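A.B. asks: Numbering (this note's numbering), first residue to last: 1190 to 1698.
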């Protein structure tokens, strides 16, 4: 009886149900199955990984199945059938099967353009279909009590069709949405428990909660979801680094598990050019239109790669989330940063060469205007003319943010589109505790104009920000000051003109 050991500090541990200790547990992790170039090679690797799970299961429950001869090698489906038959005949409790990342290796086949191999795996009498048929049969015979499967996409389950047509996909059920991440209350309690245990100060706790909210919150899995969710995986990534660093706020904000390889986008859209168009639309507009009638808990491989389905394909990959019933957008800063990296790669924009001198100068003189001028000359100067003509406030704000986080995140916390008491602040940088910039901050408001309007108003010839723009950035700075009275805040307005230029002007002349 390991119930207390496993679940003592969880909700189910404090509130056990009558089903406590009533199932045997067999667990599989298909992310461990390496991809092969042949069906025979893939089958062998699948069988080998399943054999490891069978060994663990039989070792844990050897007293209940004393006469069972353990398999040394062999077909995974056949061995699973033998085990389930032994469970049924022995009178042992039924099996609870857990399959984690069920579609990991099949998704890899899709991203590497092994479509024919994918079809072999998911159609006919393939080893994978047969494996799921055995589970289905075990449920019918009473040897399997329950099956819980996790994965990224419902494609593989849909393509398996009759092999496992008894599955109920609960991803989009309203009552299960909050299983997909942390709620605000859960994050508050989680962080509060860590800080109480460690005895860390309240001001650090506020900063950590702000970081988590900006970088990991924002997932609205249905338009009418009760609240947005935090990505639990990267919350744990951040908090683990915080604890290991004894309260030092992590510099690295993005776990590699969050990144979807840009090759997924190329594969999804059918090539580099359509991938570029999709990324540009998100970078410039910040949103994709969505047809809610297309949202489904199951869809086939062919559906996933249809152009009109692209917004929902990105939704299932965790890269966009619902803003409302009509559009999808970035959930948080982490995903915005990732898409900026995609844009840079697809447009062949270098972010690693030619920047060190300007950031070194900034660390010496704290001249934000000079830093912005360097960004405009070096980064914006590389943007192809066609993309530059479409670039807007959203784009310049995001790319300046990404570049600064790349080079001076050890000195500053950065955030964009921050909800403040007076509205949404475009761009903020706050000096990190322990750095040379502790106690200092910068607030920037971005203003973008068409070329015609910019020329008419002489925007690029201004010597100081417009009064109404000064008033706006002052409001946001005052909001930040109230939240952090210890800060000395400088204020700027960034003026950009489509296809022409950009300047950063201080509100203090």
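From the three backbone atoms N, C-alpha and C, an ideal C-beta is built for every residue, glycine too. Every value quoted in this text rests on a predicted model; they were computed, and no experiment measured them.
What whole-angstrom Cβ distance do residue 1594 and residue 1629 have, given they're in contact under 8 angstroms?
C.D. replies: Translated into the one-based positions of the chain shown, residue 1594 becomes position 405. Translated into the one-based positions of the chain shown, residue 1629 becomes position 440. Wrong, their Cβ atoms sit about 17 angstroms apart, outside the cutoff.
A.B. asks: Taking the straight line between their C-alpha atoms, what separation do you get for residue 1575 and residue 1693?
C.D. replies: Here residue 1575 is taken as the residue at index 386 of the chain shown, counted from 1. Here residue 1693 is taken as the residue at index 504 of the chain shown, counted from 1. Spanning the two alpha carbons is a distance of roughly 24 angstroms.
A.B. asks: Let me know the alpha helix (DSSP H) ranges lying completely inside the stretch 1641-1683, each 4 residues or longer, listed in chain order.
C.D. replies: Qualifying alpha helix (DSSP H) stretches, in chain order: 1656-1672.
A.B. asks: Fully enclosed by the stretch 1326-1410, which alpha helix (DSSP H) runs are 4 residues long or longer?
C.D. replies: 1344-1349, 1373-1387 and 1391-1405
A.B. asks: Could you check the C-alpha separation between residue 1295 and residue 1486 for me, to the nearest Å?
C.D. replies: As a position in the chain shown, residue 1295 is number 106, starting the count at 1. As a position in the chain shown, residue 1486 is number 297, starting the count at 1. Using only the alpha carbons, I get a separation of about 18 angstroms.
A.B. asks: Taking all protein chains shown into account, decide if residue 1472 is buried (16 or more other Cβ within 10 angstroms of its Cβ) or exposed.
C.D. replies: Translated into positions along the chain shown, residue 1472 becomes position 283. That one is buried.
A.B. asks: Decide if residue 1511 is buried, meaning its Cβ has at least 16 other Cβ atoms within 10 Å, or exposed.
C.D. replies: One-based indexing of the chain shown puts residue 1511 at position 322. By the neighbour-count criterion, in which 16 or more other beta carbons inside 10 Å mark a residue as buried, residue 1511 falls on the buried side.
A.B. asks: Should residue 1389 be listed as close to the ligand ZN, given that the test is whether its C-beta is under 7 angstroms from any heavy atom?
C.D. replies: As presented, the structure is devoid of all ligands, the ligand ZN included, so that no description of it is given.
A.B. asks: Report the three-state DSSP secondary structure of residue 1230 (helix, strand or coil).
C.D. replies: Along the chain shown, read from residue 1 onward, the residue named residue 1230 stands at position 41. The answer is helix: DSSP assigns residue 1230 an H, G or I state.
A.B. asks: Return helix, strand or coil for residue 1504, following the three-state DSSP convention.
C.D. replies: Here the question's residue 1504 lines up with position 315 in the chain shown. Residue 1504: helix per DSSP, three-state reduction.
A.B. asks: Going by the DSSP bridge assignment, what does residue 1215 pair with across the sheet?
C.D. replies: For the purposes of this step, residue 1215 is taken as residue 26 along the chain shown, with counting starting at 1. In DSSP, residue 1215 forms a bridge with 1286.
A.B. asks: Terminal residues of the continuous alpha helix (DSSP H) containing residue 1272?
C.D. replies: Counted from its first residue, the chain shown places residue 1272 at position 83. That run of the alpha helix (DSSP H) goes 1265-1279.
A.B. asks: Measuring straight from C-alpha to C-alpha, what distance separates residue 1524 and residue 1277?
C.D. replies: As a first step, residue 1524 is located in the chain shown; it is residue number 335 there, counting from the start. As a first step, residue 1277 is located in the chain shown; it is residue number 88 there, counting from the start. Straight-line Cα distance between these residues: approximately 48 angstroms.
A.B. asks: Return the CA-CA distance between residue 1558 and residue 1695, expressed in angstroms with no decimal places.
C.D. replies: Position 369 of the chain shown, counting from 1, holds the residue named residue 1558. Position 506 of the chain shown, counting from 1, holds the residue named residue 1695. Taking the straight line joining both Cα atoms gives about 8 angstroms.
A.B. asks: Taking the beta carbon of residue 1303 as the centre, do at least 16 other beta carbons fall within 10 Å, making it buried, or is it exposed?
C.D. replies: Along the chain shown, one-based indexing puts residue 1303 at 114. Under this definition residue 1303 is a buried residue.
A.B. asks: On the DSSP letters alone, give me the boundaries of the beta strand (DSSP E) that residue 1617 sits inside.
C.D. replies: Walking along the chain shown from the start, residue 1617 turns up at place 428. Following the DSSP letters along the chain, one finds residue 1617 inside the beta strand (DSSP E) bounded by residues 1612-1620.
A.B. asks: Between residue 1381 and residue 1390, what straight-line distance do the alpha-carbon atoms span, to the nearest angstrom?
C.D. replies: On the chain shown, position 192 is the one that residue 1381 refers to. On the chain shown, position 201 is the one that residue 1390 refers to. Approximately 11 angstroms, taken between the alpha carbons.
A.B. asks: Less than 8 angstroms between the CB atoms is what I'm expecting for residue 1222 and residue 1244, so what's the real figure, rounded?
C.D. replies: On the chain shown, position 33 is the one that residue 1222 refers to. On the chain shown, position 55 is the one that residue 1244 refers to. About 16 angstroms separates the two Cβ atoms, so there is no contact after all.
A.B. asks: Would you mind sorting residue 1283 into buried or exposed? The rule is 16 or more other CB atoms within 10 Å of its CB.
C.D. replies: Within the chain shown, the letter at position 94 stands for residue 1283. Classification for residue 1283: buried.
A.B. asks: Leaving out five residues before and five after residue 1670 in sequence, what residues of the same chain have Cβ atoms less than 7 angstroms from its Cβ?
C.D. replies: Stepping through the chain shown from its first residue, residue 1670 is reached at position 481. Here the set comprises 1676 and 1678.
A.B. asks: Ordered along the chain, which non-local residues of its own chain (more than five positions away) have a Cβ less than 6 angstroms from that of residue 1453?
C.D. replies: Numbered from 1 along the chain shown, position 264 holds the residue referred to as residue 1453. These residues qualify, in order along the chain: 1300.
A.B. asks: For residue 1398, which residues of its own chain have a beta-carbon under 8 angstroms away from its beta-carbon, when the five flanking residues on both sides are left out?
C.D. replies: For the purposes of this step, residue 1398 is identified with residue 209 of the chain shown, where counting begins at 1. 1376, 1377 and 1380, listed in sequence order.
A.B. asks: Among 1626, 1666, 1262 and 1371, whose alpha-carbon lies nearest the alpha-carbon of residue 1632?
C.D. replies: Here residue 1632 corresponds to residue number 443 of the chain shown, with the count starting at 1. Nearest option by C-alpha distance: 1666.
A.B. asks: For residue 1514, which three-state DSSP category applies?
C.D. replies: Taking the first residue of the chain shown as position 1, residue 1514 is located at position 325. Coil at residue 1514, not helix or strand.
A.B. asks: Is the beta carbon of residue 1392 closer than 8 angstroms to that of residue 1602?
C.D. replies: Translated into the one-based positions of the chain shown, residue 1602 becomes position 413. Translated into the one-based positions of the chain shown, residue 1392 becomes position 203. Cβ atoms of residue 1602 and residue 1392: not closer than 8 angstroms.
A.B. asks: Going by DSSP in three states, residue 1419 sits in which element: helix, strand or coil?
C.D. replies: The residue labelled residue 1419 in the question sits at position 230 within the chain shown. It is a strand residue.
A.B. asks: Report the rounded CA-to-CA distance for residue 1407 versus residue 1259, giving the unit in angstroms.
C.D. replies: For the purposes of this step, residue 1407 is taken as the residue at position 218 of the chain shown. For the purposes of this step, residue 1259 is taken as the residue at position 70 of the chain shown. Residue 1407 and residue 1259 have their C-alpha atoms roughly 48 angstroms apart.
A.B. asks: Would you report the Cα separation of residue 1235 and residue 1613, rounded to the nearest angstrom?
C.D. replies: Position 46 of the chain shown, counted from the first residue, corresponds to residue 1235. Position 424 of the chain shown, counted from the first residue, corresponds to residue 1613. Near 50 angstroms, if we compare the C-alpha coordinates of residue 1613 and residue 1235.
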